[in-house]
Each structure stands twice: as structure tokens, then as C-alpha cells.
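Written out below as C-alpha cells is the structure these notes cover.
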Amino acid sequence: MFTTRPGRPPSWRRALVTGGAGFLGSHLCTRLLDAGTEVDCLDDLTTGRPGNVEHLAARPGFRFLHLDITDPCAPDAVTGPYDLVLHLAGPGAPADCRRRPLKSLDAAGLGTRTALGLADRDGARFLLVSSAEACDGRGDDGPPRSPWDDGHGDTADAPDPIGPLHTYAEAARFAEALVTAHAGARASNAGIVRLYPSYGPRMRTDDGRTLSTLIHHALAGAPLTVPGDGSRPLSVCYADDTAEGILLVAASRSVRPVDIGADPEPTVAEVARAVLGLTGSHAPLEFTDAPERRSGGPFDGRPDGRGPDTGFARELYGWVPKVSWREGLARTVTAVSGCPGPAPATTAGHGTGRWLP
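Quick note on numbering: the sequence shown equals residues 101 to 457 in our numbering.
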């Protein structure tokens with residue numbers, strides 16, 4: 101179905117990318133097209149933006165499907181056949197889940213089930229692009245497990261399902277559980293990749309994460325809020341590196357969740373000062389009490405605050421982040437400084453499959 105060489109993403113004949121007009125989805129569409137893969141980009145534009153993939157509209161092999169993956173009629177319009185399904189559909193940030201909690205839960209349940217069905221229909225490799233912020237966890241000396249697992253098959257300190265961050269956590273956890281159960285019951289070729297925060301051109305600056313918020317405030321001339329004394333490290337991975345990691349995992353038949361992210365390196369204060377320098381902003385830094393993660397504070401990694409375990413991705417796929425945070429930040433600020441805000445919420449009907457003006 102595809103060809104690959106060690107350390108390089110493969111080439112598929114045709115791929116479906118749900119949520120393809122989002123930040124990371126658009127980077128994946130571009131990389132797939134560059135590798136000679138035909139791409140169907142499915143998005144209802146609730147949080148995705150037409151501008152993210154508009155530059156791809158004239159490229160041979162690209163098709164934009166204005167569809168809601170939870171729409172019962174969606175499978176009839178998504179004809180395929182595919183040999184790769186990348187599932188990113190659904191609000192992908194805590195702030196989005198707070199704004200649209202029901203849509204987030206529907207995307208995790210109905211949307212994931214539909215995407216799995218499309219992959220099964222065509223015998224395609226399926227990869228759920230999940231979030232380490234809600235799901236990831238591992239023991240100090242053991243394999244990945246739930247961050248609320250006590251190591252004996254029972255869970256402890258599970259997140260409050262009606263707490264302030266419940267929608268984001270439960271949606272991601274349920275999607276992973278659904279993929280795992282489906283793969284076991286159907287023996288399907290389904291896997292999971294858990295992402296740590298990514299950044300780069302076409303990123304949104306209103307997703308509630310620390311880096312995007314710092315950039316947003318600097319461009320607006322507003323004070324840059326730094327939690328605590330600014331010494332907390334950030335785990336931020338440049339979009340090109342993240343997309344490469346996703347495709348390398350997609351090329352495997354692994355069902356084990358794989359971390360993709362950068363080691364926590366810069367501190368929040370370092371990043372804030374770098375953002376001010378790159379934007380030319382004279383906005384002040386405001387140091388505040390560090391918010392509690394479970395009371396709505398910024399999401400920048402695992403619930404326990406540790407960085408990704410990229411050993412599995414490195415050893416099996418040869419993946420390591422290549423772009424330094426300073427280089428990536430410079431590229432990002434240059435790109436987003438002229439970017440419009442996110443598109444308003446759009447209610448997709450039974451999409452037309454045509455490019456939207």
C-alpha cells in the first residue's frame with residue numbers, strides 16, 4: 101500500500117484527513133501531497149480555517165470536503181477508497197471544548213466511530229491524533245498507562261467528570277478507549293499518537309495554551325501574563341517535526357500509543373521575552389500566581405507536568421524533533437503576525453465536496 105525508508109514518512113496512494121483545515125491537519129495535508137499522496141481534507145470549519153488549506157486547492161490530488169464527521173450522511177459523501185485515515189476532527193484545544201462541549205463529545209464518540217468505519221471499509225491504516233494533555237501517563241520505570249492508574253488495575257484520582265476541564269479530558273480519553281476497543285474487536289489496523297503542544301505557521305492564538313497566548317498578547321500590545329516566577333519549562337514542538345512524527349507512526353502497524361513532542365526546554369519567562377523581541381512589542385510582563393491545572397489553568401503537557409517519552413518514537417521510527425524552539429518561534433511569529441483570527445463557528449450540513457470560496 102505504501103513505500104517507506106527508515107526515518108522517512110511513507111507515501112500512500114490516497115489519504116483522508118479529518119479536521120484537515122485545522123492547524124496541524126493542514127500541515128499533514130501539505131506533507132502528504134508533497135509525498136505524492138492524494139488527499140481528501142474533511143472539515144466542517146468550526147475551528148478549522150479555509151485559509152489554512154486554500155493554498156492547496158489548485159494542487160492535483162487535493163479535495164476539500166466541507167462536512168461534519170458526526171453527520172449521519174458523511175460516510176456517503178466520503179467515497180475513498182483510502183489506505184490511510186488520519187483522525188483529527190473535533191475541537192482540539194481546552195478553550196474550544198469549553199465553548200462547544202457537546203460538539204467536542206460528539207466528535208470524540210460519533211466522529212471517531214465514523215472515521216474508524218471508513219478505515220475499516222477500505223482496509224486502511226487508522227491513526228487517532230490524541231492529546232497527551234488529557235490522556236498520557238506512564239510509570240517512572242514502566243510502559244505507558246493512564247495517569248490515574250495506580251499500577252494494579254485500579255484508578256485513583258481520576259479527573260472529575262463534571263469539573264471545569266471535564267469535556268476536554270473525557271472526550272480524548274473516550275476516543276482512545278473507542279479506538280482500542282475497536283482494534284481489539286475487529287483486529288483492525290488502528291493506532292494512537294499522543295501529541296504534546298505544537299506550534300508553527302497557521303497556528304491559532306486563541307486556544308488557551310501558554311505560547312499562543314503570549315504571542316496573541318504581544319501582537320495586541322497587551323501585558324504578557326507569566327504564571328508563577330516564569331521558571332516552569334514548556335514542552336513545545338514545531339509543526340513540521342510533529343507532522344513528520346505523526347506520519348512515521350502512521351506508517352507502522354503499532355497499536356501502542358506513541359508520544360510525539362519536544363522535551364521541556366525553555367521556561368515561560370524565556371519564551372515571553374523572546375516573543376517580545378520578535379514582535380517588537382513593548383508590552384510588560386506580568387507575573388501572577390500559577391493557576392491550578394484542574395481549575396482551568398493553561399494546558400501545556402501531561403497532567404503530571406512531565407515531558408513526553410519519545411524513546412519509543414526514536415527507537416522504532418528514528419524520530420527526533422529537529423527545529424529548535426528559538427528558530428521555530430521566529431518562523432511562527434513571522435507567519436502569524438499577519439494571520440486573521442479564527443473563522444466563526446459554521447454549522448455544516450450535508451457538505452458539497454467542493455472548495456469553499
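Built from N, CA and C at the ideal position, the CB exists for glycine as well.
Simplified DSSP state of residue i, which is helix, strand or coil
i	result
proline 181	coil
tyrosine 296	coil
serine 381	coil
arginine 131	helix
valine 117	strand
arginine 393	Low confidence applies to arginine 393: its pLDDT is 45, below 50, so where it sits in the model is not reliable, and the reading given next is rough at best. The answer is helix: DSSP assigns arginine 393 an H, G or I state.
isoleucine 360	strand
serine 312	helix
leucine 165	strand
glycine 291	strand
Residue j beta carbon less than 8 angstroms from that of residue i
i	j	result
valine 368	valine 326	yes
leucine 324	leucine 376	yes
aspartate 140	leucine 116	yes
valine 178	phenylalanine 164	no
tyrosine 296	alanine 339	no
aspartate 359	aspartate 409	yes
leucine 132	isoleucine 169	no
serine 230	arginine 294	yes
glycine 345	tryptophan 419	yes
The alpha helix (DSSP H) enclosing residue i, as first and last residue numbers
i	result
leucine 210	Unbroken run through leucine 210: none, as it is neither H nor E.
arginine 414	411 to 417
proline 194	194 to 199
leucine 347	339 to 350
Nonlocal neighbours in the same chain, by C-beta distance under 8 angstroms from residue i, ignoring five residues either side
i	result
aspartate 240	Because the pLDDT at aspartate 240 is just 29, under 50, the model does not fix this residue reliably, and the point stays unresolved.
serine 204	Gly190, Pro191, Asp196, Cys197, Thr267, Tyr268, Ala271
proline 384	Pro323, Leu324
Closest by C-alpha distance to residue i, when choosing among the options
i	options	result
arginine 199	Thr146, Gly217, Ile346	Thr146
leucine 216	Asp144, Asp171, His282, Gly321	His282
valine 423	Thr388, Thr342, Phe412, Glu415	Thr342
aspartate 176	Ala121, Ala430, Leu218, Leu228	Leu218
threonine 388	Ala435, Ser331, Arg431, Val349	Ser331
Close beta carbons around residue i, own chain, < 6 angstroms, minus the five adjacent residues each side
i	result
proline 333	Pro364, Thr367
aspartate 307	Ala193, Ala195
Residue i - containing beta strand (DSSP E), residue span
i	result
leucine 142	138 to 143
leucine 228	225 to 231
histidine 266	Where histidine 266 is concerned, there is no enclosing beta strand (DSSP E), although the alpha helix (DSSP H) it sits in stretches over 266 to 286.
Cβ neighbours of residue i in the same chain (closer than 7 angstroms, five flanking residues each side left out)
i	result
alanine 350	Leu184, Leu186, Arg225, Leu227
alanine 285	none
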